[in-house]
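Residue numbers (the numbering used here), protein chains in the order written: chain P, 5 to 158; chain F, 5 to 158.
We put the beta carbon where it would ideally sit given N, CA and C, even for glycine.
The structure appears right after this line, and notes come after that.
Number of protein chains: 2
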Amino acid sequence: MGRMETTQPGDLDELTAGVQALVPILGQMGITIIDASHGRAAAVLPAGPNGNHFGTTYAGSLFSVAEMLGGVIGFNTFALAGFVPLVKSLDISFLRPATTDVTATTSLSEEEIARIEAEALATGRAQFVLEAVVTDAAGEVVATTSGVYQLRKF
Amino acid sequence: MGRMETTQPGDLDELTAGVQALVPILGQMGITIIDASHGRAAAVLPAGPNGNHFGTTYAGSLFSVAEMLGGVIGFNTFALAGFVPLVKSLDISFLRPATTDVTATTSLSEEEIARIEAEALATGRAQFVLEAVVTDAAGEVVATTSGVYQLRKF
Numbered sequence: 005m006g007r008m009e010t011t012q013p014g015d016l017d018e019l020t021a022g023v024q025a026l027v028p029i030l031g032q033m034g035i036t037i038i039d040a041s042h043g044r045a046a047a048v049l050p051a052g053p054n055g056n057h058f059g060t061t062y063a064g065s066l067f068s069v070a071e072m073l074g075g076v077i078g079f080n081t082f083a084l085a086g087f088v089p090l091v092k093s094l095d096i097s098f099l100r101p102a103t104t105d106v107t108a109t110t111s112l113s114e115e116e117i118a119r120i121e122a123e124a125l126a127t128g129r130a131q132f133v134l135e136a137v138v139t140d141a142a143g144e145v146v147a148t149t150s151g152v153y154q155l156r157k158f
Numbered sequence: 005m006g007r008m009e010t011t012q013p014g015d016l017d018e019l020t021a022g023v024q025a026l027v028p029i030l031g032q033m034g035i036t037i038i039d040a041s042h043g044r045a046a047a048v049l050p051a052g053p054n055g056n057h058f059g060t061t062y063a064g065s066l067f068s069v070a071e072m073l074g075g076v077i078g079f080n081t082f083a084l085a086g087f088v089p090l091v092k093s094l095d096i097s098f099l100r101p102a103t104t105d106v107t108a109t110t111s112l113s114e115e116e117i118a119r120i121e122a123e124a125l126a127t128g129r130a131q132f133v134l135e136a137v138v139t140d141a142a143g144e145v146v147a148t149t150s151g152v153y154q155l156r157k158f
């Protein structure tokens, strides 16, 4: 995932279509963006195309809906032109099986956004950690992630 | 991923077809199993269906080809009936961009296999760690993973 060139705040359908076109496997998973506001990102992963042999949602799809938030949060968060977030590493814990559509959410504080912007402007790159939570339709947490991303001049 | 009911050692085409049928998103990624022998597992992820907006392979697909080895290694490694491996957590590091087909490989030592079997038989479950390496067509390591799995009575 990463920053796209044209971003209309609030135009989530267009963002989803753009992401699905640029990263086709996310389209196969049916991932849709439901929040891409300043300092926040969220996306939904439907159960349908992502099942496994246990009748639950495949681990790689849960990883993907959380990981791609690192790109989505870039759309309307950083006051920087031409920078994209790249994922460097990610830890995921699977807490319980997911059997419904799930929602992944993440956020960055204003202080952290300011630090990232200042560091990226000064050095051409800035590392940041994004914690995401994946919840099912009942609000139960099915997975948590901690990803290290690098915002860098593209 | 997990153990399948019918396993013919060496019948990699059938194993691949079975996995792609049971976990359809792995089929969309085009993942094929190239090794499922005792204590070893390997799979190939083609670049084609797994591209991203940087012209490299999407992080979630690299995660998947490594993660699913935890199921593949179960096919011909453990002398246990009715046990399946479940992934509990996984850490992945992305070391360089992947632009070619990649191969994920992993193995377990005889000592570790014996420990896992003994513990699973005694308690109904056994935790184990699987380290996998993902390499590109030039043999360069593009990602490494460390996954915690639990072999448990299904």
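For Asn-56 (chain F), at least one C-beta of chain P is nearer than 9 Å to its own C-beta.
Taking CB atoms only, Gln-131 (chain F) has no neighbour in chain P less than 9 Å away. Here the C-alpha atom of Phe-87 (chain F) lies approximately 16 Å from the C-alpha atom of Leu-73 (chain F). Look at the segment 29-45 of chain P: the residues with a C-beta under 8 Å from a C-beta of chain F are Ile-29, Leu-30, Gln-32, Met-33.
In the three-state scheme derived from DSSP, where H, G and I count as helix and E and B as strand, Leu-99 (chain F) is classed as coil. Contacts with chain F (Cβ-Cβ distance below 7 Å) from the segment 62-90 of chain P involve Tyr-62, Ala-63, Gly-64, Ser-65, Phe-67, Ser-68, Glu-71, listed in chain order.
In this structure Val-69 (chain P) is in contact with Val-138 (chain P), their Cβ atoms being roughly 7 Å apart against a cut-off of 8 Å. For Lys-92 (chain P), a Cβ of chain F is located within less than 9 Å of the residue's own Cβ. When F:Ala-122, F:Gln-154, F:Ser-41 are compared, the shortest CA-CA separation from Phe-79 (chain F) is found for F:Ser-41. Per the coordinates, the alpha-carbon of Glu-115 (chain F) lies some 29 Å from the alpha-carbon of Leu-66 (chain F). If you look at Phe-67 (chain F), you'll find it isn't in any beta strand (DSSP E); it sits in the alpha helix (DSSP H) that goes 63-71.
A contact between stretches requires three or more CB pairs, one per stretch, nearer than 8 Å, and the segment 88-97 of chain P fails this requirement with the segment 110-128 of chain F.
Below the 8 Å Cβ cutoff, chain P contributes Asn-56, His-57 as neighbours of Leu-26 (chain F), in chain order. Thr-109 (chain F) is a Cβ neighbour of Ala-45 (chain F), given a cutoff of 9 Å.
Residue pairing by DSSP places Lys-157 (chain F) opposite F:Phe-87 in a beta bridge. In terms of Cα proximity to Ser-111 (chain P), the closest of P:Val-146, P:Gly-75, P:Asp-140 is P:Gly-75. The secondary-structure analysis by DSSP pairs Phe-58 (chain F) with nothing; it has no beta-bridge partner.
Close to Pro-53 (chain F), with beta-carbon spacing below 7 Å, are these residues of chain P in chain order: Pro-28, Ile-29. Straight-line spacing of the CA atoms in Gly-43 (chain P) and Gln-131 (chain F) works out to 38 Å. Taking the Cα of Arg-129 (chain F) as reference, the smallest distance to any Cα among F:Glu-135, F:Thr-107, F:Val-152 is reached at F:Val-152.
For Glu-135 (chain F), the enclosing beta strand (DSSP E) starts and ends at 129-139. Taking 7 Å as the Cβ-Cβ cut-off, the segment 94-117 of chain P approaches chain F at Leu-94, Asp-95, Ile-96, Ser-97, Phe-98, given in chain order. Taking 9 Å as the cut-off, the beta carbon of Pro-53 (chain P) is found closer than this to the beta carbon of Gln-32 (chain F).
The C-beta distance from Ile-35 (chain F) to Leu-16 (chain F) rounds to 12 Å, too long to meet the 8 Å contact threshold.
Residue nearest to Ala-51 (chain P) within the set P:Glu-18, P:Val-146, P:Lys-157, P:Arg-156 is P:Val-146 (criterion: CA-CA distance).
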